[in-house]
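The next block holds one structure in the form of structure tokens; read it before the comments.
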Amino acid sequence: MTDIALPLALTLSSGAERMFPMLTPAQIKRIAAHGKLRSIRSGEVLVEAGAHVVPFFVITEGRVEVIRPSGSTETLVAIHEPGQFTGEVNMLSGRPALVRSRASESGEVIELDREQLLALVQTDSELGELIMRAFILRRVELIAHGFGDVVLLGSNHCSGTLRVKEFLRRNGHPYSYIDLDRDADVQALLDRFHISAADVPVLICRGEVVLRNPTNQQIAGCLGFNEAIDQTHIRDVVIVGAGPAGLAAAVYAASEGLDVLVLETSSPGGQAGSSSKIENYLGFPTGISGEALAGRAYTQAQKFGAQVMIAAGAKRLVCDRKPYAIELDDNTRVQALTVIVATGASYRKPPIQNVVLFENAGVYYCATFMEAQLCRNEEVVVVGGGNSAGQAAVFLAQTAKRVHVLVRGSGLAESMSRYLIRRIEQNPAIVLRTNAEIVALEGNDHLERVRWRNNQGNDIETHDLRHVFLMTGAVAGTQWLDGCVALDANGFIKTGPDLSEDDLAAAHWPLTRPPHLLETSLPGVFAVGDVRGGNIKRVASAVGEGSISISFIHQLLHE
Ligand SMILES: Cc1cc2nc3c(=O)[nH]c(=O)nc-3n(C[C@H](O)[C@H](O)[C@H](O)COP(=O)(O)OP(=O)(O)OC[C@H]3O[C@@H](n4cnc5c(N)ncnc54)[C@H](O)[C@@H]3O)c2cc1C
Numbered sequence: 000m001t002d003i004a005l006p007l008a009l010t011l012s013s014g015a016e017r018m019f020p021m022l023t024p025a026q027i028k029r030i031a032a033h034g035k036l037r038s039i040r041s042g043e044v045l046v047e048a049g050a051h052v053v054p055f056f057v058i059t060e061g062r063v064e065v066i067r068p069s070g071s072t073e074t075l076v077a078i079h080e081p082g083q084f085t086g087e088v089n090m091l092s093g094r095p096a097l098v099r100s101r102a103s104e105s106g107e108v109i110e111l112d113r114e115q116l117l118a119l120v121q122t123d124s125e126l127g128e129l130i131m132r133a134f135i136l137r138r139v140e141l142i143a144h145g146f147g148d149v150v151l152l153g154s155n156h157c158s159g160t161l162r163v164k165e166f167l168r169r170n171g172h173p174y175s176y177i178d179l180d181r182d183a184d185v186q187a188l189l190d191r192f193h194i195s196a197a198d199v200p201v202l203i204c205r206g207e208v209v210l211r212n213p214t215n216q217q218i219a220g221c222l223g224f225n226e227a228i229d230q231t232h233i234r235d236v237v238i239v240g241a242g243p244a245g246l247a248a249a250v251y252a253a254s255e256g257l258d259v260l261v262l263e264t265s266s267p268g269g270q271a272g273s274s275s276k277i278e279n280y281l282g283f284p285t286g287i288s289g290e291a292l293a294g295r296a297y298t299q300a301q302k303f304g305a306q307v308m309i310a311a312g313a314k315r316l317v318c319d320r321k322p323y324a325i326e327l328d329d330n331t332r333v334q335a336l337t338v339i340v341a342t343g344a345s346y347r348k349p350p351i352q353n354v355v356l357f358e359n360a361g362v363y364y365c366a367t368f369m370e371a372q373l374c375r376n377e378e379v380v381v382v383g384g385g386n387s388a389g390q391a392a393v394f395l396a397q398t399a400k401r402v403h404v405l406v407r408g409s410g411l412a413e414s415m416s417r418y419l420i421r422r423i424e425q426n427p428a429i430v431l432r433t434n435a436e437i438v439a440l441e442g443n444d445h446l447e448r449v450r451w452r453n454n455q456g457n458d459i460e461t462h463d464l465r466h467v468f469l470m471t472g473a474v475a476g477t478q479w480l481d482g483c484v485a486l487d488a489n490g491f492i493k494t495g496p497d498l499s500e501d502d503l504a505a506a507h508w509p510l511t512r513p514p515h516l517l518e519t520s521l522p523g524v525f526a527v528g529d530v531r532g533g534n535i536k537r538v539a540s541a542v543g544e545g546s547i548s549i550s551f552i553h554q555l556l557h558e
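Heads up, the sequence shown is in numbering that gives the first Met the number 0, so the first residue is 0 and it goes up one at a time.
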């Protein structure tokens, strides 16, 4: 027996006309040219929740209801009338359907398969915009209502729960959450699935599979994130990393007709995805959250036909033969005529659990004019004993009231240039704290207090400080390249004119032409964004380099 549990949650919410637009007769005619007409019977299920093949329907006569099934209960999500269309963003990615679409009144529809829909949104800009906007808004509503095929049971004090939540959120997948610390009735549910406290977090996937403390790969597998992706054929270009650089490369490559596959070890967005507000990216005068920017870029890449494999880390580049092959974490391989390395960098962080909570809200990894303005006339901490820490301390001392430089060792002599040490010593606004290590960061929405320990006396000092600069270096995401390309002294990838004759000779560069801009010491393998030596570590430069690299890929494919 079914039971309609909720009223029209989506159709009544604001912005309904944009989420469920009414097509004009002229627009319907243009869509009809891409698909086929078919009749529907009342009660006929057009798409089942979890179905792998999800066509797109425009209703010309009758009605189609959208339902979220859960056991014997059905939640009505929306009703499509003549002139409206079905679908949401998983139609672009080829992922399984989250909801059931069923004819509630007999009539007629225009049906398009995924390829026909992609062709439509790529070639008809008016309909492309209208359909993409509706799909994105519908997904946002599904997320807001937790209308997904996932129930997560966890505790906010458990790092595994936070990881899974972040993975689902950053992949734009709706889920409902049961907080085990608050929900007393949940024990019965846990008992039903024989789940002990050690299994937390638990993810109930599609109402049937129970995953205990699952890895990101297991979640992606269960939700069918990568199901529509064919790993067997040779791609024009494989892009490794879906941060701003990789996504920009994917948008340009796919929109210019290349067959492109992106591999991402975690979720799209990279470091930028964790930024609460990016204020210096062109075109967003009031700023944009990293997650929103990443979500838009990800959808844009998929709209042009780029395929993005989630939770699929590159483990090794097989570079001794062509086409190149990339071995993934699960030991499968993908082959590519050209490769773009966009694996970014990760900043070394102190082993304090909540450091990420204060990123861009008191914790920074670079000291530019923008950060200096934020802490004008305040006391700040710079952590690190290298030249980047020294430069940051001297720079910040121009505007900050006091700069505490924290180093774990007994001095700076071994790690910092002499000229910077002298400037620090001579600057009364800078206080050097040796043998010191941060042990706690505290605050609510913003950092308010810092505790550090003196490793000699072991006493802990507490300071009301709102700004900490972690200048302990970044590690390039190059481990998987295993000696295939030349690196600089800091482990970042050398490209184009930065490659010396010696580098090229050592790499046995086989061509008469020199490497293209952004090309590594291996022909046809490019490096873009933070992973590249000499790159300015900013979203705009990552996006710029990702986009530029595609013009060289075209040249190479025609060489
Ligand atoms: C908290 C924070 C705030 C920031 N704020 C700003 C800002 O306001 N303005 C600004 O301009 N810049 C900002 N930055 C810097 C900016 O985010 C980076 O410069 C930019 O994200 C670099 O992009 P990228 O694509 O080169 O690398 P990343 O963003 O690092 O992305 C690399 C991607 O590759 C993936 N990856 C790594 N290894 C593998 C592998 N082996 N296989 C598959 N995938 C892999 C990673 O998971 C990641 O998604 C900020 C950075 C941080 C950390």
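Note that CB positions come from ideal geometry on N, CA and C, so glycine has one too.
Between residue i and the rest of its own chain, which residues show a CB-CB distance below 8 Å, the 5 nearest in sequence each way excluded?
i	result
Arg40	Ala102, Ser105
Asn376	Thr398, Ala399, Lys400
Quick check on the burial criterion: 16 or more other C-beta atoms within 10 angstroms. Buried or exposed for residue i?
i	result
Pro513	exposed
Val380	buried
Asp235	buried
Ile552	buried
Val355	exposed
Ile287	buried
Ser387	buried
Ser71	exposed
Asn155	exposed
Leu556	exposed
Gly545	buried
Thr285	exposed
Phe368	exposed
Please decide whether residue i counts as near chain D, where near means a Cβ-Cβ distance under 8 Å.
i	result
Ser416	Among the chains of the structure shown, chain D does not appear; only one protein chain is present.
For a quick check, are the C-beta atoms of residue i and residue j less than 8 Å apart?
i	j	result
Ala541	Val524	no
Leu480	Leu316	yes
Gly385	Gly472	yes
His172	Val209	no
Gly93	Glu226	yes
Val449	Asn426	no
Ala539	Tyr280	yes
Val185	Gly153	no
Val163	Ser345	no
Ile309	Glu263	yes
Gly532	Phe491	yes
Leu395	Trp451	no
Gly343	Gly495	no
Who are the near neighbours of residue i in its chain, counting only those whose CB is closer than 6 Å to its CB and skipping five residues on each side?
i	result
Ala249	Ile238, Val259, Val261, Ala300, Ala305
Lys536	Asp529
Arg401	Glu378, Ala428
Ala96	Val46, Ala48, Ala50, Val53
Pro213	Leu202
Leu9	Low confidence applies here, because Leu9 scores a pLDDT of 42, under 50, leaving its location unreliable; read the following figure in that light. These residues qualify, in order along the chain: Val76, Ala77, Glu140.
Val338	Val237, Tyr323, Val524
Glu87	Phe134, Arg137, Arg138
What is the C-beta distance between residue i and residue j, in whole angstroms, given that I count them as a contact (C-beta under 8 Å)?
i	j	result
Gly289	Ile277	6 Å
Arg113	Met131	About 14 Å separates the two Cβ atoms, so there is no contact after all.
Ala291	Pro267	So it is not a contact: roughly 12 Å between Cβ atoms.
Val484	Thr511	So it is not a contact: roughly 20 Å between Cβ atoms.
Arg432	His403	6 Å
Arg407	Asn454	7 Å
Please determine whether the Cβ atom of residue i lies at a distance below 7 Å from any heavy atom of ligand 1.
i	result
Thr519	no
Gly476	yes
Ile277	yes
Leu262	yes
Val307	no
Tyr364	yes
Ala341	yes
Tyr537	The question names Tyr, but residue 537 is Arg in the sequence shown. Result yes, Cβ under 7 Å from ligand 1.
Gly240	yes
Pro243	yes
Asp444	no
Tyr176	no
Tyr280	yes
Asp329	no
Beta-carbon within less than 7 Å of residue i's beta-carbon, same chain only, minus the 5 sequence neighbours each way: which residues are those?
i	result
Val57	Leu22, Ile27, Ile30, Phe84, Val108, Ile109
Gly410	Thr433
Asp497	Gly532, Gly533
Is any heavy atom of ligand 3 found at a distance shorter than 7 Å from the C-beta of residue i?
i	result
Gln397	Of the ligands this structure carries, namely ligand 1, none is ligand 3.
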